[in-house]
Ligand SMILES: Nc1nc2c(ncn2[C@@H]2O[C@H](COP(=O)(O)OP(=O)(O)OP(=O)(O)O)[C@@H](O)[C@H]2O)c(=O)[nH]1
Ligand SMILES: [Mg+2]
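Numbering (the working numbering), first residue to last: 2 to 277.
Below is the structure:
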């Protein structure tokens, strides 16, 4: 090693204590992680889609929390049949925002991933979200517009609305988000307090993104490919829910900023530890 490189490494801060080897779960032949991972799946009448969705969820995740929205079909029974150890939460109110808030509160993992139950999001992408978190991010957004991402499902009106609202948030908060209204995200559970989620509907994703920015969280984006829902009807109404999102952005702007988070991420970068 050259003297410059040796000097560089000697000047680095000492490694934090590495958890014992038995705390690490292998997630690929080359990567192991010590944090535990919960996956929250909001589901309302998704019995036909759950076999597809659960089949994509990696075996190494620690917990699946299915949040049922008073489904009229066999959503809960199908979930239990597919994964007997699934944790089922019956949401206390109405709407996807309420479902996710209840689901997050029930999670026991260090990392929380949220994924839809309609077959539009692929659980095999979870590793990218977790990878970004264990290497330094506080909050990871899936993006259909990041290089490598895409969508089979965005209509003109949704695309236009999402682009406009994303640009608005970027302008207001100095962020460089490429996709504001997307339901595939992940974060460290310890940031739930600062996110302080308090909304009911599809504006939940926007609220999370705005609160993460206001709190000074380190937000990364990973590319994600959205497919069309496999069976059933969408619950989203582009105009109605777009207006809710806009109102949320304005309300957040008018309210006092949330307190900033200064804690460092718990895991050191993979390169420092030999494993993520
Ligand atoms: N528990 C619960 N889940 C919900 C509720 N509303 C929507 N969801 C779930 O949230 C996820 C996203 O809802 P979708 O209706 O697919 O909305 P979307 O993905 O924005 O719209 P599409 O692209 O048209 O599918 C799905 O897994 C739904 O089952 C609700 O009120 N309660
Ligand atoms: Mg959907």
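We put the CB at the ideal spot given by N, CA and C, even for glycine.
Please go through the same chain and pick out, in chain order, the residues whose beta-carbon is closer than 7 Å to the beta-carbon of residue 247, but skip the five residues on each side of it. 166
From what residue to what residue does the beta strand (DSSP E) around residue 90 run? 88-91
How far does the beta strand (DSSP E) with residue 142 in it extend, from its first residue to its last? 140-144
Reduced DSSP category for residue 128 - H, G, I as helix; E, B as strand; rest coil: helix
Can you say whether residue 206 is buried or exposed, counting buried as having 16 or more other CB atoms within 10 angstroms of its CB? buried
What residue from 66, 138, 254 and 34 has the CA that sits closest to residue 172's CA? 254
Local Cβ density within 10 Å of residue 270, reported as buried at 16 or more and exposed below that: For residue 270, the pLDDT reaches just 45, beneath the cut-off of 50, and the residue's location in the model is therefore unreliable, leaving the point undetermined.
Supposed contact pair residue 116 and residue 190 - C-beta distance, whole angstroms, cut 8 Å: That belief does not hold up - the Cβ atoms of residue 190 and residue 116 are roughly 16 Å apart, past 8 Å.
Buried versus exposed call for residue 130 [16 or more other C-beta atoms within 10 Å across all chains shown]: buried
Can you name the residues that DSSP bridges to residue 112? 38 and 189
Does the Cβ of residue 143 have 16 or more other Cβ atoms within 10 Å, making it buried, or fewer, making it exposed? buried
Does the separation of the CB atoms of residue 105 and residue 141 fall below 8 Å? no
Verify whether the separation of the beta carbon atoms of residue 39 and residue 79 is less than 8 Å. no
Contact under 8 Å by Cβ, residue 137 with residue 219: yes
Could you pull out every residue in the same chain whose Cβ sits closer than 6 Å to the Cβ of residue 20, ignoring the five residues on either side in sequence? 35
Residue 235: beta carbon under 7 Å from a heavy atom of ligand 1? yes
Cβ of residue 225 within 8 Å of Cβ of residue 156? no
With a cut-off of 8 Å on the beta carbons, I'd call residue 227 and residue 119 a contact; round off their distance for me. Actually they do not touch by this definition, with Cβ atoms about 10 Å apart.
Residue 45: CB within 7 Å of a non-hydrogen atom of ligand 1: yes
Sort 245, 25 and 198 by Cα distance to residue 1 and report the nearest one. It is not possible to answer for residue 1, since the shown part of the chain is limited to 2 through 277.
Going by alpha carbons, who is nearest to residue 210 out of 201, 196 and 68? 196
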